[in-house]
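*Asks:* Structure incoming, see below.
Number of protein chains: 2
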Amino acid sequence: MRLALLSLLKQKPLETITIAELCREATINRGTFYLHYKEVHEVFKEYLEVIVEDLKQSYEEPYYKTNYHIQNLEADMIKIFHHVKEYKDFYQIIFDERIPMMYYYLLFDTIRSFMKESIEGHFELDQSIQLDYLISYQTNAILGILIEWHRHGYATSIQELNQHLITILSINSPFEKY
Amino acid sequence: MRLALLSLLKQKPLETITIAELCREATINRGTFYLHYKEVHEVFKEYLEVIVEDLKQSYEEPYYKTNYHIQNLEADMIKIFHHVKEYKDFYQIIFDERIPMMYYYLLFDTIRSFMKESIEGHFELDQSIQLDYLISYQTNAILGILIEWHRHGYATSIQELNQHLITILSINSPFEKY
DNA sequence: ATTTTTATTGTACACGTGTTCAATATATAT
DNA sequence: ATATATATTGAACACGTGTACAATAAAAAT
Numbered sequence: 001m002r003l004a005l006l007s008l009l010k011q012k013p014l015e016t017i018t019i020a021e022l023c024r025e026a027t028i029n030r031g032t033f034y035l036h037y038k039e040v041h042e043v044f045k046e047y048l049e050v051i052v053e054d055l056k057q058s059y060e061e062p063y064y065k066t067n068y069h070i071q072n073l074e075a076d077m078i079k080i081f082h083h084v085k086e087y088k089d090f091y092q093i094i095f096d097e098r099i100p101m102m103y104y105y106l107l108f109d110t111i112r113s114f115m116k117e118s119i120e121g122h123f124e125l126d127q128s129i130q131l132d133y134l135i136s137y138q139t140n141a142i143l144g145i146l147i148e149w150h151r152h153g154y155a156t157s158i159q160e161l162n163q164h165l166i167t168i169l170s171i172n173s174p175f176e177k178y
Numbered sequence: 179m180r181l182a183l184l185s186l187l188k189q190k191p192l193e194t195i196t197i198a199e200l201c202r203e204a205t206i207n208r209g210t211f212y213l214h215y216k217e218v219h220e221v222f223k224e225y226l227e228v229i230v231e232d233l234k235q236s237y238e239e240p241y242y243k244t245n246y247h248i249q250n251l252e253a254d255m256i257k258i259f260h261h262v263k264e265y266k267d268f269y270q271i272i273f274d275e276r277i278p279m280m281y282y283y284l285l286f287d288t289i290r291s292f293m294k295e296s297i298e299g300h301f302e303l304d305q306s307i308q309l310d311y312l313i314s315y316q317t318n319a320i321l322g323i324l325i326e327w328h329r330h331g332y333a334t335s336i337q338e339l340n341q342h343l344i345t346i347l348s349i350n351s352p353f354e355k356y
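Which chain is which? The protein sequence lines are A and B, in order.
So in our numbering, spot 155 of the first sequence is number 155, and the numbers just go up one at a time.
Counting from 1 along the second sequence, just add 178 to a position and that's the residue number in our numbering.
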């Protein structure tokens, strides 16, 4: 099933792949599909789990390397842009205009939970609601860079992006305060 | 047409409204629909233009009030959260998991163009590509607050949100540098 | 008023959707 | 090996999609 989807994704965008088509490709009965999934997106979501797993590792790497002192971040510690470039084909799908928000939220929640851990574990929290907003602010800001990268057709080099992120974070760090 | 859509939106979510249904509601032929639109989203998008227009005014208000010196921002100058709450029903649709990214990007681009104007017009730019990333970072950060608000069911008060935004921006201002 | 242009309608078609149900196949247990 | 449970299949159904085309209606031009 997942193999059939990958095969079709090489030919046409996700949003144009129908359930009937997918079943023909996988030579299974359409009724059988409905016993396992409700829509094509659920198959894609399964595949995405692998990628999100890799994202987690890429994202937390600088936290390990700086021992959760993100102020000491160096450009070559950032691995998240490597990760996105490696799975570029998938991020192109996720950031596509026609694709439902669910995938974006999947990314958001993944990065957000890291952000939360790294802040809550190493800084004392004053008001937790306020923190929720701060974390979402910071999380989505990072995703803003990915959106911009996407719009530049992933042409900007990873080194440059790392440098931008460092610059932005240094101008603009909520961590100093805590 | 737009009226028919609004009427149906009171009964069921946007993603479940079919073209056939919309045409029945508006008592026009389905073929006629295809002469003007390609999908239900295009009708909704038309309606959104009104809201985006209001968003623009809400967003730029603090810039006028502080005469583009955003450092002097005061809580009661922020009107964007008033705006979102006023059109809460629509933002609930836009931030829905099943809805395509296109609406999110519409918001993103609207806010982004303001961010760009306000920065480019009042600060000297060094590298324009770097600036692109900074602007998208900042823009999406704001949208991160709206996502968080959405997830709290728009329960957080506007006053509190204004205060959060000020706090975040004061910790975290890219404008000081310029 | 009558022609010309443009918009809308009804009908049809091949395909997809989501569901149901009996029939068949496959796996698991005894 | 045989019975029992579980999975898959094929066929059918009412509905939606996108497209095509001739027929009719409405608007604009002469």
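Glycine included, every Cβ here is placed at the ideal spot set by N, Cα and C.
Since the model is a prediction, treat every value here as computed from it, not as a measurement.
1) So, helix, strand or coil for asparagine 13 of chain A, using DSSP?
2) Output, in sequence order along the chain, the residues in the region 91-111 of chain A whose CB is closer than 9 angstroms to any CB in chain B.
3) List the endpoints of the continuous alpha helix (DSSP H) containing glutamate 199 of chain B.
4) Starting from proline 278 of chain B, follow its DSSP beta bridges and name the residues at the other end.
5) Compare the C-alpha of phenylalanine 222 of chain B against each of B:Leu184, B:Tyr212, B:Ile256 and name the closest.
6) Using a Cβ-Cβ cutoff of less than 6 angstroms, which residues in the same chain neighbour lysine 294 of chain B once the five nearest sequence positions on both sides are dropped?
7) Quick check: the region 223-238 of chain B against the region 201-211 of chain B, are there 3 or more CB pairs under 8 angstroms?
8) Using only the alpha-carbon positions, how far apart do isoleucine 256 of chain B and lysine 190 of chain B sit?
9) With DSSP run on the structure shown, which of helix, strand or coil describes serine 157 of chain A?
10) Near leucine 106 of chain A, what residues of its chain come up, given a Cβ to Cβ distance below 6 angstroms and the 5 sequence neighbours on each side ignored?
11) Counting only beta-carbon atoms, is glutamine 159 of chain A nearer than 8 angstroms to chain B?
12) Give the straight-line distance between the Cα atoms of threonine 167 of chain A and cysteine 201 of chain B, rounded to the nearest whole angstrom.
13) Under three-state DSSP, which class holds methionine 179 of chain B?
14) Can you have a look at glutamine 159 of chain A and say buried or exposed, based on whether 16 or more other CB atoms are within 10 angstroms of its CB?
15) What residues from the region 22-35 of chain A come within 8 angstroms of chain B, judged by C-beta to C-beta, listed N to C?
16) Who are the Cβ neighbours of threonine 139 of chain A in its own chain at under 8 angstroms, not counting the five residues just before and after it?
*Replies:* The answer reads as follows:
1) Residue mapping note: residue 13 of chain A aligns to position 13 of the first sequence, counting from 1. According to the sequence as given, residue 13 of chain A is proline; it is not asparagine. Proline 13 of chain A falls in the coil class under three-state DSSP.
2) Result list: Ile94, Phe95, Asp96, Glu97, Arg98, Ile99, Pro100, Met101, Met102, Tyr103, Tyr104, Tyr105, Phe108.
3) Position 21 of the second sequence, counted from the first residue, corresponds to residue 199 of chain B. For glutamate 199 of chain B, the enclosing alpha helix (DSSP H) covers residues 197-204.
4) Residue mapping note: residue 278 of chain B aligns to position 100 of the second sequence, counting from 1. A:Pro100, per the DSSP bridge assignment.
5) Residue numbering aside, residue 222 of chain B sits at position 44 when the second sequence is read from its first letter. For the residues B:Leu184, B:Tyr212, B:Ile256, the minimum Cα distance to phenylalanine 222 of chain B belongs to B:Leu184.
6) Residue mapping note: residue 294 of chain B aligns to position 116 of the second sequence, counting from 1. Same-chain partners within the cutoff: Ile313.
7) With a cut-off of 8 angstroms, the region 201-211 of chain B and the region 223-238 of chain B do not count as touching, because too few Cβ pairs lie within range.
8) Here residue 256 of chain B refers to the residue found at position 78 when the second sequence is read from its first residue. Here residue 190 of chain B refers to the residue found at position 12 when the second sequence is read from its first residue. About 33 angstroms.
9) Here residue 157 of chain A is taken as the residue at index 157 of the first sequence, counted from 1. DSSP places serine 157 of chain A in coil when its eight states are reduced to three.
10) By 1-based counting over the first sequence, the position of residue 106 of chain A is 106. The beta carbon of leucine 106 of chain A is closer than 6 angstroms to none in its chain, skipping five residues each way along the sequence.
11) Start at 1 with the first residue of the first sequence, and residue 159 of chain A comes out as number 159. Interface annotation, glutamine 159 of chain A: not in contact with chain B, CB-CB separation never under 8 angstroms.
12) Taking the first residue of the first sequence as position 1, residue 167 of chain A is located at position 167. Taking the first residue of the second sequence as position 1, residue 201 of chain B is located at position 23. In this structure, the alpha-carbon of threonine 167 of chain A lies about 53 angstroms from that of cysteine 201 of chain B.
13) Along the second sequence, read from residue 1 onward, the residue named residue 179 of chain B stands at position 1. Three-state DSSP puts methionine 179 of chain B in coil, outside helix and strand.
14) In the first sequence, counting from the first residue as 1, residue 159 of chain A sits at position 159. So glutamine 159 of chain A counts as exposed.
15) Here the close residues number zero.
16) By one-based count along the first sequence, residue 139 of chain A stands at place 139. When the five nearest sequence neighbours on each side are left out, the beta carbons in the same chain lying within less than 8 angstroms of the beta carbon of threonine 139 of chain A are those of Phe108, Ile111, Arg112, Met115, in order along the chain.
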